[in-house]
Structure formats: C-alpha cells, structure tokens
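First to last, the sequence lines map onto chains A and B. Counted the way this note's numbering counts, the first sequence spans residues 841 to 953. Counted the way this note's numbering counts, the second sequence spans residues 152 to 264.
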Amino acid sequence: AQSVTQLGSHVSVSEGALVLLRCNYSSSVPPYLFWYVQYPNQGLQLLLKYTSAATLVKGINGFEAEFKKSETSFHLTKPSAHMSDAAEYFCAVRANTGNQFYFGTGTSLTVIP
Amino acid sequence: DAGVTQSPTHLIKTRGQHVTLRCSPISGHKSVSWYQQVLGQGPQFIFQYYEKEERGRGNFPDRFSARQFPNYSSELNVNALLLGDSALYLCASNPDSANYGYTFGSGTRLTVV
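The following block contains the structure:
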C-alpha cells in the first residue's frame with residue numbers, strides 16, 4: 841500500500857530564508873509523487889511532480905523537490921521564502937493500481953516578515 | 152480556458168438530508184475524481200470516473216454515490232447526511248492519466264447541522 845508522511849504540521853520561516861517541507865513515502869514500487877499547495881478557501885494547485893524521470897524536480901513559484909530512493913523521501917524546498925508562500929502544502933503519492941492519490945496530512949507554512 | 156468548476160461553493164444541510172454536488176472538468180478532460188477534505192486533514196479519495204465508468208472507489212459508505220455524464224461533468228450524491236460529512240468536497244480532473252497530476256476545483260464547502 842502507498843502512503844506519505846509529512847513531518848511537521850506547522851513550519852515557520854523568516855522571509856528570505858530557506859523553506860524545507862518534509863515528505864516520506866511508503867511504496868513497494870517506484871512511486872509517482874506530487875506536491876500540492878492550498879491557499880485559504882481554495883482548491884489544490886499542483887506545484888510539481890516526480891514520475892520516474894529526473895530525481896530533482898523543479899516546479900512553479902521557485903519550488904523544487906528531490907526524490908531520494910535510499911531515504912524514501914521527497915522533500916520540498918525553496919531557497920528564499922516569500923510572504924506569498926504562506927499556505928498549506930500537501931505531499932501525495934499515486935496508487936500503484938488505479939488512479940487515486942493518497943495525501944499526507946499537510947504542512948502549514950507561515951512566513952514571518 | 153476555464154478550470155475545474157464546482158457548484159455550489161457553500162452549502163448548509165440538516166442531518167438526514169440529501170445533497171448533490173456538481174463538477175465540470177476542464178474541457179477535454181475525461182477523468183473526474185472526488186475527494187473529501189475534513190478540516191485540518193489531507194484530502195481523502197472518494198471516487199474516480201473515466202469515460203462515464205467508475206474506475207475507483209475509496210473507503211466511503213454506500214451513502215456516497217457519483218456519476219459522470221456524456222459531457223464528462225459529474226455529480227456527487229450523499230444521502231442521509233451525518234454531522235461528520237461536513238467537509239470541503241474537491242473535484243479534480245485530468246485528461247486520461249493521473250501520472251500528470253490532477254487539476255482541482257475550488258471545492259464545495261458542505262456544512263451539516
């Protein structure tokens with residue numbers, strides 16, 4: 841069975857500081873992994889995806905994530921936080937059979953001016 | 152191009168009532184999925200439809216049902232509403248393969264009182 845675990849339900853960073861949001865996955869086969877962002881009262885927006893190509897994946901808004909099989913991780917990073925990055929971030933893995941996604945419990949990012 | 156549109160945006164129902172939520176996918180997208188997002192949690196998979204056929208069902212009771220129409224729009228129906236059904240219901244679409252990630256709508260906020 842597939843699942844993802846997001847470490848840290850709340851993360852606070854200063855504006856301009858590095859953003860690091862952690863995600864570990866559980867999958868018996870190479871997974872398809874995704875990061876989504878959710879702003880208040882909105883749906884989810886796809887930030888980036890890993891689909892067995894390059895292990896370093898670049899997404900929108902300056903975010904990137906690195907797939908590390910040895911660590912079963914897919915952490916999300918951004919070199920310099922901006923106030924507009926404050927939101928809820930979800931890591932997700934696609935099921936090996938069927939097309940459903942399993943989402944983590946989310947990490948709320950606060951950016952301190 | 153219009154994104155995934157959901158209606159209504161907000162809804163208040165009484166326990167025991169029935170509710171119908173609607174979703175229009177992005178033009179050309181044949182797959183629609185429904186997710187339930189309870190406050191403070193990640194989205195949970197309810198259904199996926201592709202070409203009007205059910206392709207997947209999450210761990211939800213039979214009170215939940217859905218269908219997809221020839222124009223690929225979809226309805227989610229919930230009978231005998233419980234307080235615990237209060238959540239944000241998200242609809243997502245993609246062309247034909249979840250490997251590319253889903254595009255989510257802004258959701259319908261259902262409150263059961």
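Here a beta-carbon is modelled for each residue, glycine too, at the ideal position from N, C-alpha and C. The model shown is predicted, which means the values in this text are computed figures rather than measured ones.
- Taking 8 angstroms as the cut-off, the Cβ atoms of B/L261 and B/V170 count as close.
- Within chain A, the residues G883 have their CB atoms less than 7 angstroms from the CB of B/G258, given in chain order.
- At least one CB atom of chain A sits nearer than 8 angstroms to the CB of B/G207.
- Out of B/G252, B/L172, B/L239 and B/R214, the CA that lies nearest to the CA of B/H180 is found in B/G252.
- Taking every protein chain shown into account, the CB of B/D213 has fewer than 16 other CB atoms within 10 angstroms, so this residue is exposed.
- Residues of the segment 888-902 of chain A with a Cβ closer than 8 angstroms to any Cβ of chain B, in chain order: K889 and T891.
- Sequence-distant partners of A/K918 (beyond 5 residues in either direction) whose C-beta falls short of 6 angstroms from its own C-beta, in its chain, are V859, G902 and F903.
- Close partners of A/T945 in chain B (Cβ separation under 9 angstroms): G191, Q192 and G193.
- Using a CB distance cut-off of 8 angstroms, A/F914 does not count as an interface residue toward chain B.
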